[in-house]
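Student: Residue numbers (mature numbering (1 follows the signal peptide of the UniProt record, and there is no 0)): -23 to -1, 1 to 662.
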Ligand SMILES: *[C@@H]1O[C@H](CO)[C@@H](O)[C@H](O)[C@H]1NC(C)=O
Ligand SMILES: *[C@@H]1O[C@H](CO)[C@@H](O)[C@H](O)[C@H]1NC(C)=O
Ligand SMILES: *[C@@H]1O[C@H](CO)[C@@H](O)[C@H](O)[C@H]1NC(C)=O
Ligand SMILES: *[C@@H]1O[C@H](CO)[C@@H](O)[C@H](O)[C@H]1NC(C)=O
Ligand SMILES: *[C@@H]1O[C@H](CO)[C@@H](O)[C@H](O)[C@H]1NC(C)=O
Ligand SMILES: *[C@@H]1O[C@H](CO)[C@@H](O)[C@H](O)[C@H]1NC(C)=O
Ligand SMILES: *[C@@H]1O[C@H](CO)[C@@H](O)[C@H](O)[C@H]1NC(C)=O
Ligand SMILES: *[C@@H]1O[C@H](CO)[C@@H](O)[C@H](O)[C@H]1NC(C)=O
Ligand SMILES: CC(=O)N[C@H]1CO[C@H](CO)[C@@H](O)[C@@H]1O
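(1) Going by the CB atoms, is the gap between residue 412 and residue 461 shorter than 9 Å?
(2) Quick one: is residue 126 buried, meaning 16 or more other Cβ sit within 10 Å of its Cβ, or exposed?
(3) Whole-angstrom Cβ separation of residue 322 and residue 386, contact assumed at under 8 Å?
(4) Going by other Cβ atoms of all chains shown within 10 Å of its Cβ, with 16 needed for buried, is residue 629 buried or exposed?
(5) Pick helix, strand or coil for residue 99, following the three-state DSSP scheme.
(6) With a 10 Å radius around its C-beta and 16 neighbouring C-beta atoms as the bar for buried, classify residue 95 as buried or exposed.
(7) For residue 311, does the count of other Cβ atoms within 10 angstroms reach 16, so buried, or fall short, so exposed?
(8) Can you pull the DSSP bridge partners for residue 37?
(9) Kindly indicate which residue of 199, 111, 583 and 229 has the alpha-carbon position closest to the one of residue 214.
(10) Please report how far the alpha carbon of residue 235 lies from the alpha carbon of residue 389, in whole angstroms.
(11) Taking 8 Å as the cut-off, is the CB of residue 104 close to at least one heavy atom of ligand 4?
(12) Label residue 337 either buried or exposed according to how many other C-beta atoms from any shown protein chain fall within 10 Å of its C-beta, with 16 as the threshold for buried.
(13) Looking at C-alpha atoms only, which residue of 160, 438, 206 and 41 is the closest neighbour of residue 199?
(14) Residues in its own chain within less than 8 Å of residue 663 by CB, not counting five upstream and five downstream?
(15) Closest to residue 446 by C-alpha separation, out of 172, 384 and 549, would be which residue?
(16) Near residue 121, which residues of its chain fall below 6 Å by C-beta distance, leaving aside the five closest residues on each side in sequence?
(17) Straight-line CA distance for residue 419 to residue 562?
(18) If I measure Cβ to Cβ from residue 68 and keep anything under 7 Å in the same chain, skipping five residues before and after, which residues do I get?
(19) Three-state secondary structure (DSSP) at residue 60?
(20) Which residues does DSSP pair with residue 132 in a beta bridge?
(21) Which term fits residue 530, buried or exposed, when burial requires 16 or more other beta carbons within 10 angstroms of its beta carbon?
(22) Mapping DSSP to helix, strand and coil, what is residue 359?
(23) What are the start and end residues of the beta strand (DSSP E) that includes residue 469?
(24) Just the Cα atoms here: how many angstroms apart are residue 438 and residue 595?
(25) Using the three-state DSSP reduction, which class does residue 517 fall into: helix, strand or coil?
(26) So residue 663 and residue 457 are in contact, right, with Cβ under 8 Å, and what is the actual spacing, rounded?
(27) Mind checking whether residue 382 and residue 591 have CB atoms under 9 Å apart?
(28) CA-CA distance, residue 192 and residue 90?
(29) Which residue marks the beginning of the alpha helix (DSSP H) containing residue 438, and which one marks its end?
(30) Please classify residue 558: does DSSP put it in a helix, a strand, or coil?
(31) Return the first residue and the last residue of the beta strand (DSSP E) that residue 180 is part of.
(32) Report the CB separation of residue 40 from residue 217 in whole angstroms; it is logged as a contact under 8 Å.
(33) State the DSSP-derived secondary structure class of residue 595, mapped to helix, strand or coil.
(34) If you reduce the DSSP assignment to three classes, tell me which class residue 505 lands in.
(35) Under a Cβ-count criterion, where at least 16 other Cβ atoms within 10 Å of its own Cβ denotes burial, should residue 250 be classed as buried or exposed?
(36) Mind checking whether residue 502 and residue 517 have CB atoms under 9 Å apart?
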């Protein structure tokens, strides 16, 4: 009996397999609104799909009108498929371009559960990473989002239920080197406006993604070749198509042609690749446009912002600007971090119970709480603001709420308690604030030298994101050890943006009163009352010194920390400034400590114009890993050079310009050849 059954099974197996493969082919060399389904802001423009146009904060999605089988009905095996399409991302003149498009396989139609801007109309923040999404995507992303671990601002990635790609590659195609020469990767700029053809082939649990300029033969070597088991992601049938979004950054996202087949992996050869419209911006003879494009290509976001600002001024289109601003505020309202009710916060903190107090902040107690559902631990902080400051503060919160970075403490929500009184709800940081690990601790549980440098690097990365990574510049204004928090993995995260205000890039921030903490406030800030990125750098310089030296910036009966370290540097004894407890313990890298201390001094330079930028500072920290020995020597030399110029300047204070220690000079001399290692090597990316 058993044997017969088995035989039947064996016999029917290939039959089953054969009969159950339902296959589908389709080929679009043009679209109309009846043969493709459009959602959100997608439209048909002549005969191609315009997922987005020049409208900001829009989502456009286009799906094949019916579900496409991905598994054989009677067995769990996945159907192979090969799909190919031609897309163009069209930049607009004088507009910062973003954000990208995604080929998607999704279980449902519509755009529910998605969000615009960096979410690409793919998944919103709530659903991002949820294993029940059953969402697959191949993204063509032109903005670098730290929160999704994007490697750069021009990459192709495979996304499984998440915007954090499972695998990514820089956009480009491999040209076949022939028999003799090696293969080489030709990089392409995804949003140059050019038409690109993409091939996505999947069979036997291997996925290949290949791309090339439209009209070119399919490169033999794929850009992405990865083993991939989609059985858990795919339902038996899926909707397939494209999604895309714009935010404050705007570009057109167009699909010009599309083929799909389960059986014929050559069907893509029938896509028409010639005579397609072109979306490349015509060359502008004026240099500004060249610079604009150069900036975009280099990913020099700052450069772009700078010119965008200049252009904005030149154009002086106030009406348009006002309209844009109005649109943005609407958007901000939507995207504010979740507004919580007072009751929610009250019950999270057990009615603001004394036992839940984890600290005392400037405005009162800080409570630990657990939000309903028990999932997330939070810290609740009270903040008060006078009526005038309130509006400003609300705008600020809305902006900060959107800031997401692994080195920033993110705001989970807020609640207005009564006039001028707010409760802010932050992610709870398991390991408390940095000053506890540097000052209020004994030798056994204090942070090691290595950990201190790592945390400083974390903070530098966080500040860089505030200064340059967001669409508008955010100043922190109160960088100090007690505002640096340590998460459960002991990573440094900068918190407490209570004093930060948002500025457009390139504008000079101004305020009527000086905010900050004594000892960390830059001298020019006291003079002018004007905060800037440079005054943040000053605060960061003091942070470096206090963390490395284990000494608060101002301590009774001792010279100010910065002056003291500077004097030691002049005497060629800078490492004597290192925290005594660390010095005794040993096990630290002298050269590295020297470099970090020098960096702290250069950041805390009296002249704001000679302070390095946050980007340069991050490079110095990264140098630890990337630089070889000679480079790190020249880095030290560079920092010393900066210091020397400081010495010349402030002869009224410490006055060490005149009495430079001979060994200090010698030191400089010996590195003078490498001093040409200058700004240019540590700016840009
Ligand atoms: C869809 O419509 C366009 C425009 O009418 C046409 O060119 C194209 O062949 C159609 N494609 C399919 C697959 O029906
Ligand atoms: C779209 O294309 C299909 C197939 O090419 C055609 O049958 C249909 O009439 C077209 N619809 C419109 C609105 O042009
Ligand atoms: C962009 O598309 C929307 C439809 O989603 C349309 O209302 C708007 O007019 C279009 N804008 C431009 C400049 O074409
Ligand atoms: C994300 O989408 C889901 C489903 O539509 C929704 O419940 C959730 O509130 C959305 N989250 C955000 C932040 O919009
Ligand atoms: C992926 O590419 C490799 C290398 O060209 C090729 O050998 C393999 O057959 C491809 N697999 C699929 C599923 O296309
Ligand atoms: C493609 O990926 C698969 C799975 O990782 C691997 O077995 C195969 O050798 C790769 N092919 C090429 C050409 O790299
Ligand atoms: C793919 O994943 C499914 C479960 O999601 C598993 O049952 C199957 O064995 C996997 N196949 C391969 C080849 O790894
Ligand atoms: C596969 O598609 C190509 C291009 O359209 C076509 O020339 C070829 O005949 C097709 N093969 C089969 C088996 O249908
Ligand atoms: C669904 C969607 O995103 N619709 C938007 C399309 O764009 C207009 C502005 O042009 C918005 O008002 C819609 O909400």
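Beta carbons: idealized from backbone N, C-alpha and C, even for Gly.
Every value quoted in this text rests on a predicted model; they were computed, and no experiment measured them.
Tutor: Checking against the coordinates, here is how it stands:
(1) yes
(2) exposed
(3) With 8 Å as the limit, residue 322 and residue 386 do not qualify as a contact, their Cβ atoms being about 17 Å apart.
(4) At residue 629, the pLDDT of 30 sits below 50, so the modelled position is not reliable; the number obtained from the coordinates is stated separately. Its Cβ having fewer than 16 others within 10 Å, residue 629 is exposed.
(5) coil
(6) buried
(7) Confidence is the limiting factor: at residue 311 the pLDDT is only 40, short of 50, which leaves the residue's position unreliable, though a coordinate-based value still follows. Residue 311 is exposed by the Cβ-count criterion.
(8) 17 and 221
(9) 111
(10) 41 Å
(11) yes
(12) exposed
(13) 160
(14) The requested residue 663 does not occur in the structure, where the chain is confined to residues -23 to 662.
(15) 384
(16) 127, 129 and 130
(17) 13 Å
(18) 74, 168, 170, 228 and 258
(19) strand
(20) 118 and 147
(21) buried
(22) strand
(23) 469 to 471
(24) 6 Å
(25) helix
(26) Because the chain here runs from -23 to 662, residue 663 falls outside it and cannot be looked at.
(27) no
(28) 36 Å
(29) 426 to 441
(30) helix
(31) 172 to 180
(32) 7 Å
(33) helix
(34) helix
(35) buried
(36) no
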